[in-house]
Structure formats: C-alpha cells, structure tokens
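The sequence shown begins at 0 in numbering that gives the first Met the number 0 and counts up one residue at a time. Inspection log for the structure reproduced underneath, given as structure tokens.
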Amino acid sequence: MVLLNIGLNDLTEAGNKLVYGGNLMVQNNVPRPQDLATGVTGIGGEITRFLLALQVARAALADAAKTTHGEIRELCGELTSLDKEFAGVLATGFALRGDEK
Numbered sequence: 000m001v002l003l004n005i006g007l008n009d010l011t012e013a014g015n016k017l018v019y020g021g022n023l024m025v026q027n028n029v030p031r032p033q034d035l036a037t038g039v040t041g042i043g044g045e046i047t048r049f050l051l052a053l054q055v056a057r058a059a060l061a062d063a064a065k066t067t068h069g070e071i072r073e074l075c076g077e078l079t080s081l082d083k084e085f086a087g088v089l090a091t092g093f094a095l096r097g098d099e100k
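Okay, here's the thing in structure tokens:
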C-alpha cells in the first residue's frame, strides 16, 4: 500500500488556487467541467453533487435578490405616493384651537 502524505502548507496552497480558479471561472462566466475525474480517492461523484448544489444555491440566491428588488421597488412607489398625499394635505395648511378644527 502506498501512503500519500501531503503537508498542510501544500493543502492550503491547493485550496487557495482552487478558490482563485473558481473566481476566474465566475468572472469570465465559464461553466464548470462536465466530465470530472473520479480522482485518486474516488470522490468525484461527491464533488459533482457539491458543485450542482452550489449551482442550485446560486440560482436560488439570484431569484431571492430579484424578488427582493421588486418588493423594494414597490415599497418605494408606495412611499412616494404617501409623500405626495402628505404634501397635498400640508400644503393646504391646518390649524387647531382647543376643540376647533
């Protein structure tokens, strides 16, 4: 049996390079590879499922952001209408004296 010994510094550097590569793929809109190798440890299937989960999570976050944007836009429209109503009422002026209106 062959033992594979990888140091912490090497693992850290590999992780940093994976993050860097992933960021480049996102910035350049490059899709993930479809034919992932199983790897030395045979975890290719798990990696594929993880990447698919990330894809689903990314789509869900994008959908939530779109929905939130629409809700905020609608709220701003309602606040604008309310401001106009207040401005219309206050422009006519009002005075209160005792029980009189």
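Backbone N, C-alpha and C define an ideal beta-carbon position, used for all residues, glycine too.
Where leucine 89 falls: helix, strand or coil (DSSP): helix
Quick check on the DSSP output: what are the complete beta strand (DSSP E) runs of length 3 or more inside the region 6-50, in order along the chain? none
Contact under 8 Å by Cβ, arginine 31 with leucine 2: One thing to note: arginine 31 has its Cβ no nearer than 8 Å to the Cβ of leucine 2.
Could you tell me the alpha carbon to alpha carbon distance between glycine 14 and threonine 67, rounded to whole angstroms? 33 Å
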